[in-house]
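Numbering of the sequence shown is given in our numbering, commencing with residue 1 and proceeding in unit increments.
See structure below.
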Amino acid sequence: MSTVTRLPSNRGDTAEVGAGVLIAVGIVIVFFTWWSWWTVAGLALLAAGGLTLALGSAGLGHRRGRSGPETP
Numbered sequence: 001m002s003t004v005t006r007l008p009s010n011r012g013d014t015a016e017v018g019a020g021v022l023i024a025v026g027i028v029i030v031f032f033t034w035w036s037w038w039t040v041a042g043l044a045l046l047a048a049g050g051l052t053l054a055l056g057s058a059g060l061g062h063r064r065g066r067s068g069p070e071t072p
């Protein structure tokens, strides 16, 4: 019989980390591949990360379940 320990997670923190990764990867791609289709991909990652951070800080980045707002 195996026991799985689940760590508590906060979706807001996860979204911020994910957005930060998108921004970091986007910056690296844009820096090392100047004016190619990779540059466009890097800029898209930068935009996606920035949008995720902006929506998350405004409280619009999380989804609600069918039962309504989440309770703490």
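Note that the Cβ used here is the ideal one computed from N, Cα and C, for glycine as well.
For my contact list, residue i and residue j are in at a C-beta cut-off of 8 Å; report their separation, rounded to the angstrom.
| i | j | result |
| --- | --- | --- |
| Ala24 | Gly56 | Actually they are not in contact, since the Cβ atoms of Ala24 and Gly56 sit about 16 Å apart, beyond 8 Å. |
| Ile29 | Trp38 | 6 Å |
Given a cut-off of 8 Å, decide if residue j and residue i are closer than it, judged by their beta-carbon atoms.
| i | j | result |
| --- | --- | --- |
| Leu43 | Leu22 | no |
| Gly20 | Gly49 | yes |
So the alpha helix (DSSP H) residue i belongs to, where does it begin and stop?
| i | result |
| --- | --- |
| Trp37 | Trp37 to Ser57 |
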